[in-house]
Amino acid sequence: GDHTTVDLFLTVLPPKSEAVIFSIDGSFTSSFSVSHHDPKVRPGAVDVVRYWQELGYIIIYVTARPDIQQRRVVHWLAQHNFPHGMTLFNDGISREPIK
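Our numbering numbers the first residue of the sequence shown as 264 and each following residue consecutively.
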């Protein structure tokens, strides 16, 4: 063959799983950048995510940022006590979900 490869991350969820999707960019943060400083969390943002988590929903975070900012964004979410969830970037899914 031509030695073509593809990176793929697959998440298999139980049937009838329910999820809620949250945009990080400008929704949880007071700015669009997490690269040069620690943007403030919008009031109530963590509480909203926790509410849905407590109802049993799978949490999915999305961002238009490239995955080169993956560690910084995932760290920011964890640092501000956002619940565990999958984190999807412009270039694909994070390999290091919030712990």
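In this text, a Cβ means the ideal position worked out from N, Cα and C, and glycines have one as well.
Note that the structure is a prediction, hence the values are computed from the model and not measured.
| query | result |
| --- | --- |
| Pull up the distance between the alpha-carbon of Ser286 and that of Leu351, whole angstroms please. | 10 Å |
| Is Leu340 helix, strand or coil when you go by DSSP? | helix |
| How is the alpha helix (DSSP H) around Tyr320 delimited, first residue to last? | Tyr320 -> no alpha helix (DSSP H), and no H or E assigned at all. |
| If I measure Cβ to Cβ from Ala327 and keep anything under 7 Å in the same chain, skipping five residues before and after, which residues do I get? | Asp288 and Asn353 |
| Could you tell me the distance, in whole angstroms, from the CA atom of Phe345 to the CA atom of Gly264? | 44 Å |
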